[in-house]
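Structure first, commentary second.
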């Protein structure tokens, strides 16, 4: 069943038992989501977010690399600093504002931070990885800048730039918190088309959806995605 394998390889054996290891994203489901009832006040007319399978599928897609230690973020007069708990000299880094288009610099800070990742990611031939802010988790303090890397060929540490949103006070990022979501995908050529024609399958889908109240998409169309 599991014909494809993604490897997360620590670059320093000393910390292998200290760092939180990457895990399937399904292991990082927030407690507030777990506690959420499927229907408000048991009213079938009032479904909650928990009935939305696409929301859950995106939340649990791929893998999560957690923060390896605590970080303190200090906003200082339009700037900010990052201080790691173990204070290693290479634990923080930045992208200066000169690397960004001028229009972007006017709406964000003059620089972007960078979280240093100490895991190598290796995928099978023909597979790349999308790295992005963990989806559908409330983290308003900062935004990871997404990126795609061909991890079958590029065997090196990949670091994660971020933009700071919370600029009014100091805050701490805790060891083990989700840092980045990693979604492997196969590189394939695609071609698009747009236009109009009457699709009978669309009408069939619409009629099927209108034949049930609860778990319509899940029971009739959904396929389980597996990341172990």
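In my numbering, the protein residues as written are 732 to 959. Glycine residues also receive a C-beta, built at the ideal position from the N, C-alpha and C atoms.
Inter-residue spacing [alpha-carbon to alpha-carbon] between residue i and residue j
i	j	result
residue 770	residue 954	23 angstroms
residue 744	residue 849	11 angstroms
residue 792	residue 758	11 angstroms
residue 938	residue 932	10 angstroms
residue 874	residue 861	15 angstroms
residue 946	residue 952	10 angstroms
residue 833	residue 894	15 angstroms
residue 820	residue 804	A caution first: residue 820 carries a pLDDT of 48, below 50, which makes its placement in the model unreliable, though a value can still be read off. Each residue's Cα considered, the two are about 16 angstroms apart.
residue 865	residue 911	5 angstroms
residue 900	residue 906	20 angstroms
residue 909	residue 929	44 angstroms
residue 944	residue 876	38 angstroms
residue 934	residue 940	10 angstroms
residue 846	residue 817	14 angstroms
residue 878	residue 925	27 angstroms
Pair within 8 angstroms by beta-carbon distance, residue i and residue j
i	j	result
residue 807	residue 853	no
residue 872	residue 897	yes
residue 763	residue 781	no
residue 733	residue 753	no
residue 949	residue 760	no
residue 851	residue 742	yes
residue 858	residue 915	yes
residue 755	residue 794	yes
residue 746	residue 904	no
residue 959	residue 788	no
residue 880	residue 796	no
residue 815	residue 830	no
residue 843	residue 892	yes
residue 735	residue 856	no
Bounding residues of the alpha helix (DSSP H) (the contiguous stretch that carries residue i)
i	result
residue 940	931-940
residue 947	947-951
The beta strand (DSSP E) enclosing residue i, as first and last residue numbers
i	result
residue 861	858-863
residue 882	From DSSP, residue 882 is part of no beta strand (DSSP E); its letter is neither H nor E.
residue 810	810-815
In DSSP terms, what residue i is bridged to
i	result
residue 849	Its beta-bridge partners do not exist; DSSP assigns none.
residue 911	796
residue 874	894
residue 888	851
residue 902	804
- Ordered list of alpha helix (DSSP H) runs contained in the stretch 749-808, each at least 4 residues: 762-766, 784-790
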